[in-house]
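Visitor:
There are 2 protein chains.
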Amino acid sequence: MIIDCHGHYTTAPGAHTAWRDAQLAGGPLPPYPPISDDAIRESIEDSQLRLMRERGVDLTIFSPRASAMGHHFGDEAASTAWTRHCNDLVARVTRLFPANFAGVCQLPQSPGVPIARSVAELRRCVEELGFVGCNLNPDPSGGHWTSPPLTDRSWYPLYEAMVELDVPAMVHVSAVTNANFHATGSHYLNADTTAFMQLLQADLFRDLPGLRLVIPHGGGAVPYHWGRFRGLADMLGRPPLEETLLGNVFFDTCVYHQAGIDLLFEVVPADNILFGSEMVGAVRGIDPRTGHHFDDTRRYVEALDLPADDRAKVYERNARRVYPRLVV
Amino acid sequence: MIIDCHGHYTTAPGAHTAWRDAQLAGGPLPPYPPISDDAIRESIEDSQLRLMRERGVDLTIFSPRASAMGHHFGDEAASTAWTRHCNDLVARVTRLFPANFAGVCQLPQSPGVPIARSVAELRRCVEELGFVGCNLNPDPSGGHWTSPPLTDRSWYPLYEAMVELDVPAMVHVSAVTNANFHATGSHYLNADTTAFMQLLQADLFRDLPGLRLVIPHGGGAVPYHWGRFRGLADMLGRPPLEETLLGNVFFDTCVYHQAGIDLLFEVVPADNILFGSEMVGAVRGIDPRTGHHFDDTRRYVEALDLPADDRAKVYERNARRVYPRLVV
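Chains A and B supply the protein sequences, listed in that same order. One point on numbering: in the numbering used here, the residue at position 174 of the first sequence is 1503, and numbering is uninterrupted. One point on numbering: in the numbering used here, the residue at position 211 of the second sequence is 1540, and numbering is uninterrupted.
So this is what it looks like as structure tokens:
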């Protein structure tokens, strides 16, 4: 079985997105529109599900569109309303396609609002909707980085709930309002690198040994600079990365060329890599060099010729270990 | 001959640093202290120069300490005074060790101050001190990214002077005041990735075909995600990276493990890679896996077994092409 740990509902029906547009525009808020099961089926069957079948992927761990989380828009109430609709829609996908999609929730974060106020939505999604994890935005300000680092105790209320519920978080930012950054071209990758370095500097996992975090997009710049991070840990008097981080931190395979995947598997243990593609996502085209989609990451992983045991870990067992609520 | 394109004067005499401390502390500013030639020789001979000799490096393109540029401290006058002292000190190093060091200047940037006001110092350093390039901080705010992207026309006055003087810039941030970021662990790498993506999105080099920019630290996350950037160029309707960027953008080899250097050379043409180590810099320890310094990047490059022509490009010819004022 092949599990893709990183999919977003980027093809959600237009009525859902239009409601958000109305919400952000201000003025009288229309009721959330009716969206039929057929509209949801249609939005999935010819995009994510078709591509999953073509690529031989059985199950996608599926969350609301990351770039549309937009925690920096509106206030806490707006973020909460939008988040519930997004999560409910993902839950409907998981009920319509229970063999193919497992839910991961967006959190109703809002700049300056304590993360404890996101715990209720996490509980609702896990306990009532059957979700298996959450996406955690380390920068709900949308590129201004006004929250404390992820290792700050102010984040612990969420982490404690995650540990209790036995669900991980993927550390994933959303859109960005600073013109210096391109969301998928730099902000996402920068956030991945930033989060890893924060984790390297502190003792979060000593405090919370049951906490599990997935750093997406192949870990940002981290595997490419693995020697730099090992060396910085040494200079900062921190224990080796393997001891402090690799029991709790995982990377996906959202790296869109063979050389990058080769490097990821060369430096990061197979126990810490979860297959992922983030399709249909940031990069949707076909690579003229290969004739295949850039984000068809299974091809790169297949080309590694991994030992059977590592292959099973990366495609399935690690995902089941990190997301133990997966029941498919 | 082996040229290291990326060295900072991280071992500058204490009196120089103490003057900066006094400047930042406010109060009556003491005169800049006398620093003897012997003090400068001492600061170089047992650190950079010793390591260069041990590693077989002949010449280092040498600039003031990047983390100490601190453009976000004080006002324009403070930045200008500090910058002149830093550049003058580097000039003294180049005069004491003309065979081993060539100067690259810091610019007197200050948040909100037009970059045109940095041109005079660039001219002074190139025309009077014999410098061969400059370091350009894309974020003089120190981690708040309040300047426009590097492709904005507001930066063009500097670029036009660089083209006229035939000197390149290394795009290099300084220290960071936002607790989310670690200077050398995430801010530097993020800035590299950010700058590359900015360049990908615009037509800077169509406007200024003679402009040359070096992106340090192996290009941040870029080579590891080369497929992502190629795919994003495609999605954004931009020409291939090779056409739009690789005539003007160069990466150094400041990647501190073999797998990272292997990847860099696999995806980036040898014409676009300049040997660099950034020693004595961000990572100063010895890798217990190899028994050698993490930043002894020559060992990784040697292990590639490059064709002689590529080797000559990476070690010397590219540096002479990018920094044509090099005369050693």
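Even for Gly, the Cβ is constructed at its ideal location relative to N, Cα and C. Values in this document were obtained by computation on a predicted structure and should not be read as measured data.
So, using beta-carbon positions, are V1386(B) and D1333(B) closer together than 7 Å?
Guide: yes
Visitor: Excluding the 5 residues flanking H1401(A) on each side, which residues of the same chain have their C-beta closer than 7 Å to its C-beta?
Guide: P1440, P1469, S1470, G1471 and T1506
Visitor: So if I threshold CB-CB distances at 8 Å, which residues from the stretch 1475-1486 of chain A count as touching chain B?
Guide: S1476, P1477 and P1478
Visitor: Name the residues in the stretch 1511-1537 of chain B whose C-beta lies less than 9 Å from a C-beta of chain A; which are they?
Guide: Result list: H1511, T1513, G1514, S1515, H1516, L1518, N1519, A1520, D1521, T1522, T1523, A1524, F1525, M1526, Q1527, L1529 and Q1530.
Visitor: By the three-class DSSP mapping on this structure, what secondary structure does S1372(A) have?
Guide: helix
Visitor: Across which residues does DSSP place I1615(A) in a beta bridge pair?
Guide: H1622(A)
Visitor: Could you tell me the alpha carbon to alpha carbon distance between D1367(B) and L1635(A), rounded to whole angstroms?
Guide: 58 Å
Visitor: How is the beta strand (DSSP E) around P1393(A) delimited, first residue to last?
Guide: L1388 to P1393
Visitor: Going along chain A in order, which residues have a C-beta closer than 7 Å to the C-beta of N1466(B)?
Guide: Residues of chain A passing the Cβ test: none, with the nearest at roughly 12 Å.
Visitor: So which residues of chain B does N1507(A) contact, with C-beta pairs closer than 7 Å?
Guide: W1474
Visitor: With burial defined as no fewer than 16 other Cβ atoms inside 10 Å of the residue's Cβ, what is the status of A1347(A): buried or exposed?
Guide: So A1347(A) counts as exposed.
Visitor: Measuring CB atoms only, is the stretch 1568-1582 of chain A touching the stretch 1545-1553 of chain B, in the sense that at least three cross pairs come out at less than 8 Å?
Guide: These segments do not touch.
Visitor: Find out if the Cβ-Cβ distance for the pair Y1553(B), Y1585(A) is shorter than 7 Å.
Guide: no
Visitor: G1589(A): buried (16+ other C-beta within 10 angstroms of its C-beta) or exposed?
Guide: Buried.
Visitor: Tell me, please, whether the CB atom of E1595(B) is closer than 7 Å to any CB atom in chain A?
Guide: yes
Visitor: Which stretch, first to last residue, makes up the alpha helix (DSSP H) that contains D1521(A)?
Guide: Y1517 to Q1530
Visitor: Is there contact here, the stretch 1424-1443 of chain B with the stretch 1409-1416 of chain B, by at least three beta-carbon pairs under 8 Å?
Guide: yes
Visitor: Can you round the beta-carbon distance between N1464(A) and A1395(A) to whole angstroms, since I take them to be within the 8 Å contact cut?
Guide: About 7 Å separates the Cβ atoms of N1464(A) and A1395(A), confirming a contact at the 8 Å cut-off.
Visitor: What's the C-alpha gap between L1388(A) and R1640(A)?
Guide: 16 Å
Visitor: Chain A beta carbons: is any one of them nearer than 7 Å to that of M1398(B)?
Guide: no
Visitor: Hey, would you say G1566(B) sits closer than 7 Å to V1612(A), going by beta carbons?
Guide: no
Visitor: If you drop the 5 nearest sequence neighbours on each side, which residues of the same chain put their C-beta closer than 7 Å to that of V1502(A)?
Guide: N1466, P1467, D1468, H1516, Y1517 and A1520
Visitor: Does any residue of chain A bring its CB to less than 7 Å from the CB of L1561(B)?
Guide: yes
Visitor: Roughly how far, in whole angstroms, is the beta-carbon of I1364(B) from the beta-carbon of A1344(B), given that I think they are within contact range, below 8 Å?
Guide: About 6 Å separates the beta carbon of I1364(B) from that of A1344(B), a gap short enough to meet the 8 Å contact definition.
Visitor: Would DSSP call H1345(B) helix, strand or coil?
Guide: Helix, per DSSP.
Visitor: Determine the closest residue to P1538(A) out of Y1485(A), P1569(A) and C1583(A), with distance taken between C-alpha atoms.
Guide: Its Cα nearest to that of P1538(A), the residue Y1485(A) stands out among Y1485(A), P1569(A) and C1583(A).
Visitor: Count the other CB atoms within 10 Å of the CB of H1621(A); is the residue buried (16 or more) or exposed (fewer)?
Guide: exposed
Visitor: If you draw a straight line from the alpha carbon of L1487(B) to that of S1447(B), how long is it in whole angstroms?
Guide: Cα to Cα, the separation comes out at about 7 Å.
Visitor: Is the stretch 1597-1606 of chain B close to the stretch 1638-1653 of chain B, with three or more CB pairs under 8 Å?
Guide: yes
Visitor: Can you give the beta carbon distance from L1655(B) to D1591(B), rounded, assuming they're within the 8 Å contact cut?
Guide: Contact flag wrong, Cβ pair sits at about 28 Å.
Visitor: Could you give the first and the last residue of the continuous beta strand (DSSP E) run that contains A1397(A)?
Guide: Looking at the DSSP string, A1397(A) is not in any beta strand (DSSP E), and its letter there is neither H nor E.
Visitor: Which runs of the beta strand (DSSP E) spanning at least 3 residues fall entirely within the stretch 1558-1643 of chain B, listed in chain order?
Guide: If one requires a minimum length of 3 residues, the beta strand (DSSP E) runs lying completely within the stretch 1558-1643 of chain B are 1578-1581, in chain order.
Visitor: Name, in chain order, the residues that DSSP records as bridge partners for L1658(B).
Guide: The structure shown does not extend to residue 1658(B), since chain B is modelled only from 1330 through 1657, so no value can be given for it.
Visitor: Select from A1428(B), V1543(B) and F1525(B) the residue whose C-alpha is nearest the C-alpha of G1462(B).
Guide: Checking every option, the nearest Cα to that of G1462(B) belongs to V1543(B).
Visitor: Provide the residue(s) that pair with N1464(A) in DSSP beta bridges, ordered along the chain.
Guide: M1499(A)
Visitor: How about R1557(B): is its C-beta nearer than 7 Å to some C-beta of chain A?
Guide: yes
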